[in-house]
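Residue numbers (our numbering), protein chains in the order written: chain A, 1 to 114; chain B, 1001 to 1114. Built from N, CA and C at the ideal position, the CB exists for glycine as well. Below: the structure, in structure tokens.
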């Protein structure tokens, strides 16, 4: 079965600064990888996903993520954050077997300084 | 489409009472998922349905929890009797595929058991 780790519980960056949120996974093959965002009081929304092909994936709201097989990582990046990006971000891993379920990380809460 | 609809948004109940959470998935989505989110355990998959049939309920914590999907547009998650440790945010999500496509989350029900 797969697992996922988000090492940072909280991250604080200044508005306009660049952002990188870390995600590490464990799975015997190339997994399906997702990043979701949760704004306060709302459900999760998909930012981007990786299934195969180009390892740099573009998502909504100016986010991108890079799949690095050698590091078992799928880090989320944004070149310049906006105050509206303050939210909780979840990395998720799905397996390639039909019965594999999606596993969510514990989340990283992003705080933006004005 | 209005998205995934959950009710109630907030529920406060006393220990021992029965609690019923409701969900209306997005029309045309064949898969419905129930998740529980807590600070300690993060986001956990409780059960999911395909075409109204429960496929995997291995995440349901105890026999006090039960879920039904009587038709394609309605599902319930019931806790009887409720306990303080059941306090959490419960999310319903729907999708056109089990775990390979985006899951659309509802706004969640915040349950407090006193």
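Next on the checklist: DSSP three-state label for residue 1047 (chain B), please.
Outcome noted: Mapped onto the second chain, residue 1047 (chain B) falls at position 47. Strand at residue 1047 (chain B).
Checklist entry - How would you call residue 1038 (chain B), buried or exposed, if buried means at least 16 neighbouring beta carbons within 10 angstroms? => result Along the second chain, one-based indexing puts residue 1038 (chain B) at 38. Taking all protein chains shown into account, residue 1038 (chain B) has fewer than 16 neighbouring C-beta atoms within 10 Å of its C-beta and is therefore exposed.
Checklist entry - Who are the neighbours of residue 32 (chain A) on chain B, taking C-beta pairs under 8 Å? => result For the purposes of this step, residue 32 (chain A) is identified with residue 32 of the first chain, where counting begins at 1. Near residue 32 (chain A) (Cβ distances below 8 Å), the residues of chain B are 1099 and 1100.
Item to check | Residues in the stretch 1061-1076 of chain B having any Cβ partner in chain A nearer than 7 Å | outcome: Nothing from the stretch 1061-1076 of chain B brings a Cβ to less than 7 Å from some Cβ of chain A.
Item to check | Between the CA atoms of residue 10 (chain A) and residue 18 (chain A) - distance to the nearest angstrom | outcome: Mapped onto the first chain, residue 18 (chain A) falls at position 18. Mapped onto the first chain, residue 10 (chain A) falls at position 10. Taking the straight line joining both Cα atoms gives about 15 Å.
Checklist entry - Who are the Cβ neighbours of residue 1080 (chain B) in its own chain at under 7 Å, not counting the five residues just before and after it? => result For the purposes of this step, residue 1080 (chain B) is taken as residue 80 along the second chain, with counting starting at 1. In chain order, 1018 and 1064 place their CB closer than 7 Å to the CB of residue 1080 (chain B), counting only its own chain and leaving out the 5 sequence neighbours on each side.
Checklist entry - Beta-carbon separation of residue 1105 (chain B) and residue 1012 (chain B) under 8 Å? => result Within the second chain, residue 1105 (chain B) is the residue found at index 105, counting from 1. Within the second chain, residue 1012 (chain B) is the residue found at index 12, counting from 1. Not a contact, by the Cβ cut-off of 8 Å.
Item to check | Closest residue to residue 163 (chain A) among A:96, A:108, A:109 and A:110 (Cα-Cα distance) | outcome: Only positions 1 to 114 of chain A appear in the structure, and residue 163 (chain A) is not among them; the question remains open.
Next on the checklist: Quick check on residue 1107 (chain B) - is its C-beta less than 8 Å from some C-beta in chain A?
Outcome noted: In the second chain, counting from the first residue as 1, residue 1107 (chain B) sits at position 107. For residue 1107 (chain B), at least one C-beta of chain A is nearer than 8 Å to its own C-beta.
Item to check | Member of B:1020, B:1032 and B:1060 whose CA lies at the smallest distance from the CA of residue 1071 (chain B) | outcome: Numbered from 1 along the second chain, position 71 holds the residue referred to as residue 1071 (chain B). Of the candidates B:1020, B:1032 and B:1060, B:1032 places its Cα closest to the Cα of residue 1071 (chain B).
Next on the checklist: Am I right that residue 1078 (chain B) and residue 1066 (chain B) are in contact with their C-beta atoms under 8 Å? What's the rounded C-beta distance?
Outcome noted: Numbered from its first residue, the second chain carries residue 1078 (chain B) at position 78. Numbered from its first residue, the second chain carries residue 1066 (chain B) at position 66. Their Cβ separation, rounded to whole angstroms, is 5 Å, which keeps residue 1078 (chain B) and residue 1066 (chain B) in contact under 8 Å.
Next on the checklist: If you measure between the beta carbons of residue 1015 (chain B) and residue 1113 (chain B), is that distance less than 8 Å?
Outcome noted: Counting from 1 along the second chain, the entry for residue 1015 (chain B) is found at position 15. Counting from 1 along the second chain, the entry for residue 1113 (chain B) is found at position 113. The answer is yes: Cβ separation under 8 Å.
Next on the checklist: Please state the DSSP three-state secondary structure of residue 1139 (chain B).
Outcome noted: Residue 1139 (chain B) lies beyond the residue range present for chain B, which begins at 1001 and ends at 1114; the question has no answer from this structure.
Item to check | residue 1028 (chain B) versus residue 1076 (chain B): straight-line alpha-carbon distance, rounded | outcome: Start at 1 with the first residue of the second chain, and residue 1028 (chain B) comes out as number 28. Start at 1 with the first residue of the second chain, and residue 1076 (chain B) comes out as number 76. The alpha-carbon atoms of residue 1028 (chain B) and residue 1076 (chain B) are separated by roughly 18 Å.
Item to check | contact_flag[the stretch 47-67 of chain A, the stretch 1049-1063 of chain B] where n(CB pairs < 8 Å) is 3 or more | outcome: The stretch 47-67 of chain A is not in contact with the stretch 1049-1063 of chain B.
Next on the checklist: In this structure, how does DSSP classify residue 1057 (chain B) when only helix, strand and coil are distinguished?
Outcome noted: Start at 1 with the first residue of the second chain, and residue 1057 (chain B) comes out as number 57. Reduced to three states, the DSSP call for residue 1057 (chain B) is coil.
Next on the checklist: Tell me the residue span of the beta strand (DSSP E) that contains residue 9 (chain A).
Outcome noted: Taking the first chain and counting its residues from 1, the one referred to as residue 9 (chain A) is at position 9. Element bounds for residue 9 (chain A): n/a, residue is neither H nor E.
Checklist entry - Closest to residue 1073 (chain B) by CA distance: which of B:1049, B:1020, B:1045 and B:1088 is it? => result In the second chain, residue 1073 (chain B) corresponds to position 73, counting from 1. Selected option, being the one with the closest Cα: B:1049.
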